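First comes the structure, then the notes that go with it.
2 protein chains.
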Amino acid sequence: MARDPKYDILFEPLQVGPKTLPNRFFQVAHCVGAGSDRPGFQAHFRAMKAEGGWGAVTTEYCSIAPESDDTHRVSARLWDDGDVRNLSLMCDMLHDQGALAAVEIWHGGANACGMESRVPARGASQIASPFAFMRACKAMDKQDIREVQQLYVNACKRARDAGFDILTIYYAHTEALLHQFLLPFFNRRTDEYGGSFENRVRFGREVLELVREAVGDDCAIGVRFGVDTLDLPVGLGDRGIRQDGEGLQFIEYMDHLVDMWDINVGNAVEWGEDAAPSRTHAENHERPNVYKVKQHTSKPVLNVGRFTSPDTMVEVIRSGQADIIGAARPSIADPFLPRKIEEGRLDDIRECIGCNVCISRWEIGGPPLVCTQNATSAEEFRRGWHPEKFTQAANADNDVLVVGAGPAGMECAIVLAKRGLRRVHLVDAAEDIGGHMRWVPKLPGLGEWGRVVNYRRIQLDKLKNVEVITGTRLDAQGALDYGAEIVVVATGSRWATDGLQGITNEPIPGADASLPHVATPDQLMDEGKAVGKRVVVYDCETYFTGVGMAEKLVREGHDVTYVTPFDAIAPYTVYTLEFPRLNRTLRRLGVKIVTGHVLTNVAPGNATIAEAWLEEESEIECDTVVLVTQRVSDDALYRELSADPEALAGTGIAGLYQIGDCVLPSLIAEAVFSGHRLAREIDSPNPAVALPYIRERRLLNATEEDYQLQSPAIEMAL
Amino acid sequence: MARDPKYDILFEPLQVGPKTLPNRFFQVAHCVGAGSDRPGFQAHFRAMKAEGGWGAVTTEYCSIAPESDDTHRVSARLWDDGDVRNLSLMCDMLHDQGALAAVEIWHGGANACGMESRVPARGASQIASPFAFMRACKAMDKQDIREVQQLYVNACKRARDAGFDILTIYYAHTEALLHQFLLPFFNRRTDEYGGSFENRVRFGREVLELVREAVGDDCAIGVRFGVDTLDLPVGLGDRGIRQDGEGLQFIEYMDHLVDMWDINVGNAVEWGEDAAPSRTHAENHERPNVYKVKQHTSKPVLNVGRFTSPDTMVEVIRSGQADIIGAARPSIADPFLPRKIEEGRLDDIRECIGCNVCISRWEIGGPPLVCTQNATSAEEFRRGWHPEKFTQAANADNDVLVVGAGPAGMECAIVLAKRGLRRVHLVDAAEDIGGHMRWVPKLPGLGEWGRVVNYRRIQLDKLKNVEVITGTRLDAQGALDYGAEIVVVATGSRWATDGLQGITNEPIPGADASLPHVATPDQLMDEGKAVGKRVVVYDCETYFTGVGMAEKLVREGHDVTYVTPFDAIAPYTVYTLEFPRLNRTLRRLGVKIVTGHVLTNVAPGNATIAEAWLEEESEIECDTVVLVTQRVSDDALYRELSADPEALAGTGIAGLYQIGDCVLPSLIAEAVFSGHRLAREIDSPNPAVALPYIRERRLLNATEEDYQLQSPAIEMAL
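The listed protein sequences correspond, in order, to chains Y and R.
Using our numbering, the letters of the first sequence correspond one by one to residues 29 to 746.
Using our numbering, the letters of the second sequence correspond one by one to residues 29 to 746.
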């Protein structure tokens with residue numbers, strides 16, 4: 029199919045300084061775990077987006093010098109010639125696809141930890157960082173100012189030498205030194221670099237002038253500018269910046285030095301107001317705080333806002349809000365989003381669900397990104413996976429039975445079908461596909477998470493060699509008799525009904541979900557078990573289920589006490605940026621939050637809890653205790669089938685595998701990955717064991733060939 | 029000097045299986061941030077200890093396969109031939125020094141996160157990990173058991189091929205799969221691998237049998253065994269293991285399969301009971317829980333316990349407690365500890381202070397280790413630093429004035445003197461050297477931290493070209509007139525007297541330490557300011573000062589309310605393993621702990637605090653508010669001296685530098701590093717800027733020469 033003409037505007041080229049952006053799709057800077065030290069990962073990850081139609085693709089934040097060292101988190105770096113060499117591969121591969129290569133030029137000022145380089149970071153004023161433990165920055169003197177400005181220039185020259193077309197100067201999120209100079213929240217100086225607007229902008233203006241002079245003829249100079257740090261409690265109040273205050277003033281003041289404005293909002297402490305979870309923020313949520321910018325500049329303007337709808341994108345441009353559609357997360361979930369619009373395949377777009385697990389890995393520091401929707405994300409290089417290309421399986425002349433249509437089973441069936449397996453039978457006991465994702469999206473705020481099922485439902489419908497059978501519970505005999513040569517068990521997990529968890533590593537006395545006053549999330553969401561007025565939610569999960577139950581129940585009128593052994597609610601949501609709003613929401617709704625306590629006993633009418641350190645016990649009167657302790661794999665079918673390998677072989681079943689939560693309960697992203705991985709490797713010597721992947725590390729006395737030898741199964745594209 | 033004969037026993041060789049340990053000093057496995065991916069770092073770091081006299085040196089925990097992936101934390105790996113190649117350098121360099129190379133063979137079972145490999149980890153039973161977010165392990169079936177046992181064998185063969193002499197099978201800390209199989213706390217199996225002692229030990233016994241068969245002729249097989257997981261609340265109670273229970277039974281049962289017992293205690297949840305901070309545990313603190321082991325085995329026994337005293341070491345051996353002195357932290361603080369004993373230079377031993385910042389970096393995940401006492405630690409390869417060797421400075425014919433004798437100034441003066449600077453003048457305004465380390469060791473439990481000063485005092489006394497002048501406050505004119513060609517400002521920092529901190533980034537209304545009802549730690553500890561009966565300690569530091577003030581004051585009889593904006597007390601102490609005991613101690617002493625609140629106002633008689641999320645204010649009646657908000661660099665002297673570079677040059681001062689907390693307040697380790705770094709590079713082209721260090725990363729199309737080129741200033745020893 030051809031693209032709908034109403035989307036033509038998204039494909040119009042645009043001049044950005046000395047460069048031509050081929051269309052309006054711009055992958056803004058986002059982290060992935062590659063940096064400059066994993067050049068294959070970096071290049072192949074970014075180039076996949078170019079292949080998918082993104083007109084420009086940016087690195088993650090890229091440090092200009094050792095003093096801006098964010099270890100343990102992974103940034104790119106332009107510190108030396110080695111970094112130039114490594115990042116040039118990304119530029120070359122983007123250029124091969126006709127895309128522009130962009131780099132986000134970053135100095136972290138007050139927030140750089142220096143845990144690798146041990147070099148003191150310099151900043152506007154010396155204030156302790158809320159991010160870098162036991163660290164502040166050095167308040168710059170005049171010599172420092174000149175030196176740091178020169179660091180910007182040096183890094184920008186290196187960026188040009190690496191082949192970057194667009195240098196996006198980072199001036200946002202309060203994470204960038206330049207933003208910190210601008211904001212009274214950070215800048216307490218009394219010299220000509222502090223105080224008045226002109227003074228606070230001086231440092232950045234000088235940087236832009238120097239950079240433009242050094243590389244402005246060769247590269248487009250973008251500025252990623254945080255035009256609004258929002259209002260309290262999630263913002264910096266009058267010590268930050270507001271669109272209607274100095275935000276637009278800044279745009280006008282700096283416009284002559286800038287080729288492109290990459291606009292966003294928010295601050296680093298509550299960064300989730302920009303990289304906003306779908307739990308709290310809709311598509312194009314930044315519009316109210318950014319829409320005036322374009323009226324104050326003659327340069328192209330880029331906006332972000334988790335754009336996945338081409339109609340919204342068109343509206344953004346037509347309404348005069350912006351010229352360029354910026355995206356990070358939507359480009360992770362679907363690197364081929366632009367191409368699918370171009371080809372009129374809108375229903376094939378794998379929409380970002382806004383869960384922010386991608387971000388969580390960067391926040392943890394170190395691991396590669398994972399994506400709930402796109403299992404191939406960050407696997408392009410090391411496993412050689414392409415999100416849209418699937419080779420015919422060597423054993424395609426087999427039928428496959430996939431038992432369980434949760435995230436792992438759905439994904440596995442789709443990839444097996446795309447790999448040409450003769451017939452893929454996806455069977456589930458429930459009346460609909462989705463597994464626990466049938467009910468998770470019904471938790472407050474998680475509606476968009478339903479896209480995990482919706483996208484796969486459409487794909488399953490389209491694939492001629494998949495048959496979806498619901499309402500059919502297969503036992504071992506049923507699976508054996510089914511007639512498929514390959515059997516994949518994807519039966520998921522269930523919440524423990526006895527209070528088992530990883531704190532005491534044993535069940536909780538009295539916690540028996542067969543009793544009327546005890547319930548699990550499965551029982552509440554899937555089976556409609558009744559809940560009394562006064563509820564205790566005991567949460568050991570660290571993520572969304574416990575807080576989801578609490579919010580749902582309090583909204584339904586229950587009196588909810590939320591108890592957790594951790595020091596704070598749902599600590600994993602710190603990494604997904606949902607933590608601040610979740611805290612405020614639960615508290616505003618009247619949930620009583622009790623942290624640092626373990627549940628020691630459940631009885632009709634009350635729960636006994638013990639303070640974690642002194643173990644002093646107290647009682648909470650309640651009608652129902654909801655056990656969000658841990659999930660337990662539902663692996664009975666696999667165990668029965670695998671118990672007698674010889675008998676299995678006698679039935680004509682050549683392969684029996686297990687994927688997803690029935691192996692071990694983990695993130696949805698890991699369940700999807702598990703199903704995808706098995707299908708990608710269904711014709712490997714032993715599909716049960718993942719093939720090795722390329723580990724990009726320093727190898728002693730290595731040749732390029734050696735790197736390939738580390739992963740014999742993968743054809744390396746370097 | 030020769031060694032005292034009473035220490036001869038420490039230098040007696042010992043047969044360990046097929047290998048001969050040259051003496052009794054054994055660096056047990058400890059993390060450093062090198063792993064298998066930074067082979068130069070790994071090899072040079074470990075080889076330095078061999079040069080310093082350690083008879084055997086071990087890697088950190090070394091993963092046997094991708095399913096045991098601890099990313100984001102850094103472990104070594106023996107996954108493939110590349111790892112063999114990289115780790116072989118460590119073995120070669122140890123052998124060159126006459127030491128044995130050991131590797132700790134690790135599978136993490138329930139605790140492996142899989143955030144890089146994404147391979148499901150297998151364990152005894154499926155229990156949610158308290159470490160790995162949103163992760164459990166797969167409960168092994170019979171096939172899994174055979175496969176995982178083979179993973180052990182494969183890794184041990186690779187270890188042998190890499191050149192390791194001793195394979196230490198990790199069976200401790202509840203961090204190792206084998207330990208988990210043994211303990212009912214983790215093992216809930218009902219088959220022949222669970223239940224009775226023989227069943228729970230079966231998995232490990234089979235592993236040892238297989239490993240011994242595969243490599244037992246070539247390598248010594250050690251077992252690092254956690255013989256006592258201690259009693260509640262810091263242990264696992266009757267679901268763990270106790271020395272007097274199954275601990276000794278295990279020793280006897282497995283003794284025929286083991287060449288050496290590396291014994292320790294504790295569990296992973298409260299690992300600080302083994303890697304114990306000096307705050308709570310003395311040297312040889314494990315003795316009560318391990319001393320019986322030797323009576324139940326015919327094999328050599330190793331103990332650990334932060335041994336730094338050679339007399340204690342001798343007593344450990346003579347008393348029949350153990351045969352081998354194991355150490356991790358003492359070998360970091362002083363890689364030359366054995367050699368100094370041998371050479372009769374006991375007063376040159378740089379004793380570990382037991383602060384655990386080394387461990388904190390591993391706990392954070394990613395960064396290289398730092399050591400408070402030894403600034404060269406983890407810098408052996410990348411910066412080419414040797415802890416005991418110092419080259420004559422090219423500009424040695426200069427006098428240096430170091431202003432400020434805190435950690436940075438002391439260290440800088442010592443290294444400058446060792447580099448042969450003509451005369452080093454270390455001048456401090458206080459009556460004694462140490463800076464804030466004069467009073468920090470007076471905080472409860474921090475007595476051993478005084479070694480930071482004690483070690484340096486001895487060194488300063490010995491160095492003929494250092495003059496220490498106390499009680500002398502130099503102003504700018506005084507420094508100019510001093511007559512030294514090089515001036516180093518190390519004037520440290522002071523606690524903010526106005527409540528400035530990195531939460532609101534501004535002072536706190538009413539918080540004025542010039543008033544009688546407000547105090548800073550400096551005022552309390554250094555100036556003797558009086559404190560009222562009811563005290564509020566407001567702690568934004570994240571580390572030891574706020575909790576230290578609270579504990580000191582409550583022990584002195586004050587009513588203490590501890591308020592922090594964080595979700596828990598002193599979050600950095602999670603990484604130093606001090607967190608659990610600190611929590612219990614403060615609570616038991618009656619400190620009222622208020623987390624998640626910010627201090628919004630201070631007035632005579634009360635403090636106003638606001639809940640962090642809803643900002644609801646409340647008041648606390650109190651007589652004194654102690655402001656532990658942030659430190660502020662005392663850089664007035666440097667600023668005055670540097671204000672007019674030309675005038676400075678005219679005085680004959682060729683170099684003016686700034687080190688330590690007066691640049692930016694940070695960890696003591698970073699202050700020491702800062703002083704050391706400047707002195708190491710005092711004759712570089714620009715000593716103010718750190719020379720580049722070797723970054724061990726994958727470089728595209730690289731030769732070994734290229735790696736050297738990345739750090740032109742450093743002679744690379746590969």
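All C-beta atoms in this analysis are idealised placements derived from N, C-alpha and C, irrespective of residue type, glycine included.
Computed from a prediction, not measured in an experiment: that's the story for all the values here.
Quick one, are the C-beta atoms of residue i and residue j less than 8 Å apart?
{"i": "I194(Y)", "j": "A130(Y)", "result": "yes"}
{"i": "N384(R)", "j": "P305(R)", "result": "yes"}
{"i": "G250(Y)", "j": "L205(Y)", "result": "no"}
{"i": "F409(Y)", "j": "R447(Y)", "result": "no"}
{"i": "L642(R)", "j": "R616(Y)", "result": "yes"}
{"i": "A84(R)", "j": "A127(R)", "result": "yes"}
{"i": "Y566(Y)", "j": "V468(Y)", "result": "no"}
{"i": "V102(Y)", "j": "W289(Y)", "result": "no"}
{"i": "I710(Y)", "j": "L444(Y)", "result": "yes"}
{"i": "R150(R)", "j": "F213(R)", "result": "no"}
{"i": "F120(R)", "j": "R726(Y)", "result": "The identity of residue 120(R) in the sequence shown is Asp, whereas the question assumes Phe. Not closer than 8 Å, so no."}
List the DSSP bridge partners of residue i.
{"i": "T589(Y)", "result": "V564(Y) and K620(Y)"}
{"i": "E639(Y)", "result": "H625(Y)"}
{"i": "L508(R)", "result": "Answer by DSSP bridge pairing: none, since L508(R) is not bridged."}
{"i": "W134(R)", "result": "S91(R)"}
{"i": "V546(R)", "result": "V653(R)"}
{"i": "V582(R)", "result": "Paired residues: none, contrary to the question."}
{"i": "N634(Y)", "result": "A631(Y) and E649(Y)"}
{"i": "Q55(R)", "result": "V85(R) and A355(R)"}
So which residues on chain R does residue i lean against when the C-beta distance must stay under 7 Å?
{"i": "F161(Y)", "result": "T570 and Y600"}
{"i": "P261(Y)", "result": "E643"}
Under 8 Å Cβ-Cβ, which residues of chain Y neighbour residue i?
{"i": "V480(R)", "result": "Result: empty, since nearest Cβ-Cβ is about 16 Å, beyond 8 Å."}
{"i": "R612(R)", "result": "W641 and L642"}
Which bits of chain R does residue i rub up against, with CB to CB less than 8 Å?
{"i": "G412(Y)", "result": "The contacting residues do not exist; G412(Y) stays about 15 Å from chain R at best."}
{"i": "S157(Y)", "result": "G530"}
Which bits of chain Y does residue i rub up against, with CB to CB less than 7 Å?
{"i": "G393(R)", "result": "H100, G393 and G394"}
{"i": "P148(R)", "result": "V691 and L692"}
{"i": "F409(R)", "result": "Neighbours of F409(R) on chain Y: none; closest Cβ ~11 Å, over 7 Å."}
Under 9 Å between beta-carbons, which chain R residues line up against residue i? List them in chain order, please.
{"i": "M577(Y)", "result": "The contacting residues do not exist; M577(Y) stays about 16 Å from chain R at best."}
Please give the ranges of any alpha helix (DSSP H) in the segment 77-126 of chain Y, keeping only runs that are unbroken, at least 4 residues long and fully inside the region.
109-124
In chain order, which continuous runs of the beta strand (DSSP E) of length 3 or greater are located wholly inside the segment 206-278 of chain Y?
248-256
My parser needs the beta strand (DSSP E) runs of 3 or more residues fully inside the segment 419-454 of chain R; what are they?
427-431
At what residue ranges does the segment 449-488 of chain R contain a whole run of the beta strand (DSSP E), taking only runs of 3 or more?
451-455
Evaluate the contact criterion for the segment 109-128 of chain R versus the segment 178-192 of chain R: three or more CB pairs, one atom per stretch, below 8 Å.
yes
At least 3 beta-carbon pairs within less than 8 Å: the segment 85-102 of chain R vs the segment 178-186 of chain R
yes
Under 8 Å: do the segment 454-472 of chain Y and the segment 430-441 of chain Y share three or more Cβ pairs, one atom per stretch?
yes
Using a Cβ distance threshold of 8 Å, determine whether the segment 389-396 of chain R contacts the segment 346-356 of chain R, with at least three qualifying pairs required.
no
Would you be able to state if there are at least three C-beta pairs under 8 Å between the segment 693-711 of chain R and the segment 165-172 of chain Y?
no
contact_flag[the segment 41-60 of chain R, the segment 371-382 of chain R] where n(CB pairs < 8 Å) is 3 or more:
no
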